[in-house]
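Novice: Submitted below is the structure of interest, expressed as structure tokens.
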Amino acid sequence: MSDSEDMPLAIRKKNANNSSDHSDSDSDVPLGKRKRSAARQVIKDDDEDDESIQNSGSDSDKPLVKRTRPAVRRKTYQEDDDSDDDDDGDYNSNHKNGSASKKSKDSNSSDSDVALAKRKPTTNGNGDAKRTKSAPKYKEESSDSDSEMPLAKKASAKKEAPAKKAAAKVKVESGSSKTSKSTSKSTSNGKTATSKSRVKSEPESDTKPKKPKKEEEEEEDLNAWWLNQNENEDDSVKWTSLHHNGVFFPPEYIPHGVKMKYEGKAITLAPEVEEVASFFGAMLHTEHAENPTFRENFFKDFSKLAKRHKTVPEIKSFSKCDFTPMYEYFQAEREMKKSMTKEQKQSLKEEKLALEEQYGICYLDGRKEKVGNFRIEPPGLFRGRGKHPKTGCLKLRVQPEQVTLNLSKDAPVPKAPAGHKWAKIVHDDTKTWLATWKENVNDSTKYVFLAAGSSLKGQSDMKKFEVARRLKGEIEGIRRGYMADLKDKKMFIRQRATAMYLIDRLALRAGNEKGEDEADTVGCCSLRYEHVTLEKPDIMHLDFLGKDSIRFQKDMKVDEQVFKNIRLFKREPAQEGDELFDRLKTSELNKHLQNLMPGLTAKVFRTYNASFTFQDQLQKLTPADGTVAEKLLAYNRANREVAILCNHQRAVSKGHAGQMEKIQDKIRALKYQKYKLKRTILTLEPKLKKKRPEFLEPESDLEDSWMDEYEVQLMAKEKEKVTLKWEKENQRRKENKEKPQTEKELKDMLKEVDARAKELAKERKSGNVPGARGATVEKCEAQLLKLDERIAATRTAMTDKDENKQTALGTSKINYIDPRISTAWCQKYDVPLEKIFTKILRDKFKWAMTVDPDWEF
DNA sequence: GTGTGTACTTAGTAAATAACTT
DNA sequence: AAGTTATTTACTAAGTACACAC
632 MSDSEDMPLA IRKKNANNSS DHSDSDSDVP LGKRKRSAAR QVIKDDDEDD ESIQNSGSDS
692 DKPLVKRTRP AVRRKTYQED DDSDDDDDGD YNSNHKNGSA SKKSKDSNSS DSDVALAKRK
752 PTTNGNGDAK RTKSAPKYKE ESSDSDSEMP LAKKASAKKE APAKKAAAKV KVESGSSKTS
812 KSTSKSTSNG KTATSKSRVK SEPESDTKPK KPKKEEEEEE DLNAWWLNQN ENEDDSVKWT
872 SLHHNGVFFP PEYIPHGVKM KYEGKAITLA PEVEEVASFF GAMLHTEHAE NPTFRENFFK
932 DFSKLAKRHK TVPEIKSFSK CDFTPMYEYF QAEREMKKSM TKEQKQSLKE EKLALEEQYG
992 ICYLDGRKEK VGNFRIEPPG LFRGRGKHPK TGCLKLRVQP EQVTLNLSKD APVPKAPAGH
1052 KWAKIVHDDT KTWLATWKEN VNDSTKYVFL AAGSSLKGQS DMKKFEVARR LKGEIEGIRR
1112 GYMADLKDKK MFIRQRATAM YLIDRLALRA GNEKGEDEAD TVGCCSLRYE HVTLEKPDIM
1172 HLDFLGKDSI RFQKDMKVDE QVFKNIRLFK REPAQEGDEL FDRLKTSELN KHLQNLMPGL
1232 TAKVFRTYNA SFTFQDQLQK LTPADGTVAE KLLAYNRANR EVAILCNHQR AVSKGHAGQM
1292 EKIQDKIRAL KYQKYKLKRT ILTLEPKLKK KRPEFLEPES DLEDSWMDEY EVQLMAKEKE
1352 KVTLKWEKEN QRRKENKEKP QTEKELKDML KEVDARAKEL AKERKSGNVP GARGATVEKC
1412 EAQLLKLDER IAATRTAMTD KDENKQTALG TSKINYIDPR ISTAWCQKYD VPLEKIFTKI
1472 LRDKFKWAMT VDPDWEF
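What follows is the structure, given as structure tokens:
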């Protein structure tokens, strides 16, 4: 049944609006319902049991006013808060009797001392009366017990709660136990296991043992850096020699002369103005062009430019602009492009190839490497995502004078376009970029890098996964550590541990601070009050916009202490807009992680959990003796688990609803057949009506009106078929000089179809269905079973498709899943690699091709 | 510590192609 | 052959992380 059930942690997002309601009663897929109760209140009630923090009303009184807006948040708060900062320590967790936590603003200086201190009920400073009562000696708490949660995986979580009481409160400081009992051989630099076997079945990159005759192959060998990796080389120096041809600038603007209208009249624009108007015109009827912010920003820049060019009449109002003529022009252009002749297309292709030849290649330490984005970004309207305040602003054309090139000293400096020069030429061998410039809208820096398949990128990619694999060996201790820290007296540590829990278990991003003029999105450390709600015993609802303004919405059962902590953090800030982790910053978090394991940062958890989950799922789902198709299905399902974990989404495609409807109709057609078969059975053996009443039950979701329509269509198709057959036959006869069939023959046949249609109608009415010749009850029953299978299969496919509609598998495949898991799997199960990796991916992951079939992440 | 800037990874979507229909 | 639809690649925005200046 619904997977949500066994999938505690990462319950899937509820598809709020998108739930395409397939009404099929029995088929609906319960995708998880939203449980959004009034969490806040809940908390309140439970307060009683819990610590008092509140009475420390005092604290709240402070001017916590922090910024209302997300942007600047922390600072203000911090400031005023400083004072009490220290005492967080004081605050303690409660434990059953409700202890008090409080944060007296008072003095206690060093937070450090707070250490276990808490117990002292005493009032601190201001008398917050907190009822510190009982102050149990804090420590020992139970909960850490379950620390080792398996993470993410469904099943596990469910039970995890009670678990063993291990008591291991281990403080985990850094080092954390080395429990690496793990299998992983070679934690180090991957090179270990490698060597030998190569994934087979890949035509193109197969370096066979035989001697390469083509020089390309030789070259490939030279490029096989992964074969002789040198452990600790200084990796701050990225190259010793770098030659390239610079960057490609988009062509000058060529005016098309199509005039937009202003106040209903065609208006003449200078080419520069026309260009910008065209940017908008081309986007008419897109979501962006409907976005008010986008329009405003566009218009501001556009009207200013128009004014500068003394456009008459002056363009003062967006609403008086009509870009339709331009829109239509571009539509026509598009059509034109589609209908280009072969030759035209061919020559276009050649041009592109020539460009790639010139700019798409560079020499790094003498080796030929591909350059990624060698084209300077063309001017246009900035397409900021979500509620980006600057979306729609004019992105100016980049001039060579803004572009700095990076290459080695001995490399010839590429010529700047005629009449231009470069901003600067540098020779920085600690950087991987070939060119850079500043973009005008957000003042951000843009770079030209090598392609994903290059050695530089490949090396760092491999390194990334090796770090994640090292985490695999440390994760147990790290988890134990943060579980214990959840109860630390220092607020800061507690927040840090709680954040680690979320990052680890929910694959949240770190959540750096953001500026005012960016979309308001958050990650773990920047979560705010309003993004989290709690529901009584231990359910947490997260709902916020993450990277790219993609909504993250999940409800999950969390550890008891995490629940308490969050309740506490939520209480501190006075109002919405405040940060949940008000004393935690990503830099501090990472600093701590670095101590736990060199190279560890917040994002590594995502990589680790993604790869680990994938391997785990793949191993569980792959049918060893299934067909390739079945194995691929398993692969994709494992991939999807990961995509869901990482919340990788995509827009639902335009035709999706229609496609679902089509499949639904297919299912209905199958049900229709079932219905007919059942009637046939009853016609053959009326007695069964009593004995097998189920034969009388109507098929779900199969209405008479639908069947009427279906039969009509069926007959129409039949007629078409008959006609076609007739025509074909005549064609044949003609060729063979035989006598053609007459029109009458066709008519007769069509009449037969009509007769059949009547029969169908009659059958439906009477319920009497004779069935095919030779039909027997047994045969019909067998067919019924087959139909059930097909229905089930189709329904599964539909569920699959529906779930996939908003889940993007690509991102995790490209960035999070260690490709060696895939290449090993392909070898082990004999699946051709190209079934799972496209050409570009095979190129990007060539370093991962040489693993043993039993390689483990 | 905070604040700012840089460099590089990760991300969804638009455009281009390939595969499949009609 | 043309029209769809599905898949792959190109594009560039939006993150993370860390260094450096104050």
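So that you can map any letter, position 250 of the first sequence is 881 in my numbering, and since no number is skipped, the others follow by simple counting.
Think of the CB as a built atom: it goes at the ideal place given N, C-alpha and C, for glycine as much as any other residue.
Do Phe949 and Gly912 have their C-beta atoms within less than 8 Å of each other?
Specialist: Mapped onto the first sequence, residue 949 falls at position 318. Mapped onto the first sequence, residue 912 falls at position 281. Taking 8 Å as the Cβ cut-off, Phe949 and Gly912 do not qualify as a contacting pair.
Novice: Nearest to Leu1215 by CA position, among Ala1260, Cys1156, Arg1006 and Arg1237, is which residue?
Specialist: The count along the first sequence starts at 1 and reaches residue 1215 at position 584. That would be Cys1156, whose Cα lies nearest to the Cα of Leu1215.
Novice: Going by beta-carbon coordinates alone, are Leu1012 and Gly1023 separated by less than 8 Å?
Specialist: As a position in the first sequence, residue 1012 is number 381, starting the count at 1. As a position in the first sequence, residue 1023 is number 392, starting the count at 1. Yes, the Cβ-Cβ distance between Leu1012 and Gly1023 is below 8 Å.
Novice: If distances are taken between C-alpha atoms only, which option among Ala1150, Ser1180, Leu1211 and Lys1178 comes closest to Leu1165?
Specialist: Here residue 1165 refers to the residue found at position 534 of the first sequence. That would be Leu1211, whose Cα lies nearest to the Cα of Leu1165.
Novice: Nearest-angstrom Cα distance between Arg1404 and Met1380?
Specialist: The sequence position of residue 1404 within the first sequence is 773, counting from 1. The sequence position of residue 1380 within the first sequence is 749, counting from 1. Arg1404 and Met1380 have their C-alpha atoms roughly 20 Å apart.
Novice: Quick check on the burial criterion: 16 or more other C-beta atoms within 10 angstroms. Buried or exposed for Glu1008?
Specialist: Position 377 of the first sequence, counting from 1, holds the residue named residue 1008. Glu1008 comes out exposed.
Novice: Could you give the distance in angstroms between the alpha-carbon of Met1429 and the alpha-carbon of Lys1436?
Specialist: The residue you call residue 1429 lines up with position 798 of the first sequence. The residue you call residue 1436 lines up with position 805 of the first sequence. So the alpha carbons of these two residues sit roughly 10 Å apart.
Novice: Spell out the partners DSSP gives Tyr1078 in its beta bridges.
Specialist: The count along the first sequence starts at 1 and reaches residue 1078 at position 447. According to DSSP, which records beta bridges pairwise, Tyr1078 is partnered with Thr1067.
Novice: Tell me where the beta strand (DSSP E) around Met1187 begins and ends.
Specialist: For the purposes of this step, residue 1187 is taken as residue 556 along the first sequence, with counting starting at 1. Note, Met1187: beta strand (DSSP E), Arg1182 to Lys1188.
Novice: Sorted by chain position, which residues of the same chain lie with C-beta nearer than 6 Å to Arg1451's C-beta, five sequence neighbours on each side aside?
Specialist: Indexing the first sequence from 1 puts residue 1451 at position 820. So the list reads Ala1479, Val1482 and Trp1486, once near-sequence residues are dropped.
Novice: Any idea what DSSP makes of Lys938, helix, strand or coil?
Specialist: Translated into positions along the first sequence, residue 938 becomes position 307. Reduced to three states, the DSSP call for Lys938 is helix.
Novice: Does DSSP put Asn686 in a helix, in a strand, or in coil?
Specialist: Mapped onto the first sequence, residue 686 falls at position 55. Note that Asn686 scores a pLDDT of 32, beneath 50, so its modelled location is shaky; the value from the coordinates is reported in the next line. Residue state for Asn686 is assigned as helix, using DSSP reduced to three classes.
Novice: Apart from the five residues just before and just after Ala901, which ones in its own chain have a Cβ nearer than 8 Å to its Cβ?
Specialist: Translated into the one-based positions of the first sequence, residue 901 becomes position 270. The answer, listed in chain order, is His940 and Thr942.
Novice: Does the Cβ of Thr1067 have 16 or more other Cβ atoms within 10 Å, making it buried, or fewer, making it exposed?
Specialist: Taking the first sequence and counting its residues from 1, the one referred to as residue 1067 is at position 436. Classification for Thr1067: buried.
Novice: Gln1280: which of Lys1055, Gly991 and Arg1182 sits nearest, CA to CA?
Specialist: Taking the first residue of the first sequence as 1, we reach residue 1280 at position 649. Ranking Lys1055, Gly991 and Arg1182 by Cα distance to Gln1280 puts Arg1182 first.
Novice: By the three-class DSSP mapping on this structure, what secondary structure does Cys1277 have?
Specialist: Residue 1277 sits at position 646 when you count from the first residue of the first sequence. DSSP places Cys1277 in coil when its eight states are reduced to three.
Novice: How is the beta strand (DSSP E) around Asn1143 delimited, first residue to last?
Specialist: Position 512 of the first sequence, counted from the start, is the residue given in the question as residue 1143. No beta strand (DSSP E) contains Asn1143, which DSSP labels as neither H nor E.
Novice: I believe Asp1060 touches Thr871 by the beta-carbon criterion, under 8 Å. Please report the beta-carbon distance rounded to the nearest angstrom.
Specialist: Here the question's residue 1060 lines up with position 429 in the first sequence. Here the question's residue 871 lines up with position 240 in the first sequence. The Cβ separation is near 7 Å, so the contact holds.
Novice: Using CA coordinates, which residue listed in Gly1089, Asp1256 and Lys1293 is at the minimum distance from Leu858?
Specialist: Mapped onto the first sequence, residue 858 falls at position 227. Nearest C-alpha to Leu858: Gly1089.
Novice: One question on the structure: do Ala1489 and Pro1031 come within less than 8 Å of each other, judged by their Cβ atoms?
Specialist: In the structure as shown, the chain begins at 632 and stops at 1488. Residue 1489 is therefore absent and cannot be evaluated.
Novice: Taking all protein chains shown into account, decide if Asn1226 is buried (16 or more other Cβ within 10 angstroms of its Cβ) or exposed.
Specialist: Position 595 of the first sequence, counting from 1, holds the residue named residue 1226. Asn1226 comes out exposed.
Novice: For the beta strand (DSSP E) that contains Arg998, what are its first and last residues?
Specialist: Within the first sequence, residue 998 is the residue found at index 367, counting from 1. Element bounds for Arg998: Arg998 to Lys1001.
Novice: Pairing CB atoms from the region 1355-1366 with CB atoms from the region 1272-1286, are three or more of them under 8 Å?
Specialist: no
Novice: On the criterion of 16 or more Cβ atoms from any shown chain inside 10 Å, does Ser909 qualify as buried, or is it exposed?
Specialist: As a first step, residue 909 is located in the first sequence; it is residue number 278 there, counting from the start. A residue is called buried once 16 or more other Cβ atoms fall within 10 Å of its Cβ, and Ser909 is buried on that count.
Novice: Which same chain residues end up closer than 8 Å to His919 when comparing Cβ atoms and leaving out the 5 residues on each side of it in sequence?
Specialist: Here residue 919 is taken as the residue at index 288 of the first sequence, counted from 1. Once the five neighbours on either side are set aside, the close Cβ partners of His919 are Phe925, Leu1012, Arg1014, Thr1022 and Gly1023.
Novice: Determine, using beta carbons only, whether Val610 and Leu1025 come nearer to each other than 8 Å.
Specialist: The shown model of the chain, from 632 to 1488, leaves out residue 610, and the question about it has no answer.
Novice: Specify whether the region 955-962 and the region 972-990 touch according to this definition: at least 3 beta carbon pairs, one from each stretch, less than 8 Å apart.
Specialist: no
Novice: Please classify Glu833 as buried or exposed, where buried requires at least 16 other C-beta atoms within 10 Å of its C-beta.
Specialist: Looking up residue 833 in the first sequence gives position 202. Note that Glu833 scores 40 on pLDDT, short of 50, meaning its location in the model is unreliable and no value can be drawn from it.
Novice: Does the separation of the CB atoms of Leu1333 and Phe1326 fall below 8 Å?
Specialist: For the purposes of this step, residue 1333 is taken as the residue at position 702 of the first sequence. For the purposes of this step, residue 1326 is taken as the residue at position 695 of the first sequence. Result no, Cβ atoms of Leu1333 and Phe1326 do not sit closer than 8 Å.
Novice: Quick one: what does DSSP say Phe949 is sitting in, helix, strand or coil?
Specialist: Taking the first residue of the first sequence as 1, we reach residue 949 at position 318. Correct three-state label for Phe949: helix.
Novice: Report the rounded CA-to-CA distance for Glu905 versus Pro1045, giving the unit in angstroms.
Specialist: Within the first sequence, residue 905 is the residue found at index 274, counting from 1. Within the first sequence, residue 1045 is the residue found at index 414, counting from 1. Glu905 and Pro1045: Cα-Cα distance of roughly 32 Å.
Novice: Rank Ala963, Phe930, Phe1005 and Lys931 by C-alpha distance to the C-alpha of Lys881 and give the top, closest one.
Specialist: Working through the first sequence from its first residue, we reach residue 881 at position 250. As written in the sequence, residue 881 is Pro, which differs from the Lys given in the question. Here the closest residue by C-alpha is Phe1005.
Novice: Helix, strand or coil: which one does DSSP assign to Ala897?
Specialist: Along the first sequence, one-based indexing puts residue 897 at 266. Ala897 falls in the strand class under three-state DSSP.
Novice: Have a look at Trp1357 and Glu1261 and give me their C-alpha separation to the nearest angstrom.
Specialist: By one-based count along the first sequence, residue 1357 stands at place 726. By one-based count along the first sequence, residue 1261 stands at place 630. So the alpha carbons of these two residues sit roughly 41 Å apart.
Novice: Between which two residues does the alpha helix (DSSP H) holding Cys993 run?
Specialist: Position 362 of the first sequence, counting from 1, holds the residue named residue 993. In this chain, Cys993 is not harboured by any alpha helix (DSSP H); it is covered by the beta strand (DSSP E) spanning Ile992 to Leu995.
Novice: I'd like to check one pair, Lys1251 with Leu1490: are the Cβ atoms closer than 8 Å?
Specialist: Residue 1490 cannot be examined here, being either before or after the span of the chain that is shown, 632 to 1488.
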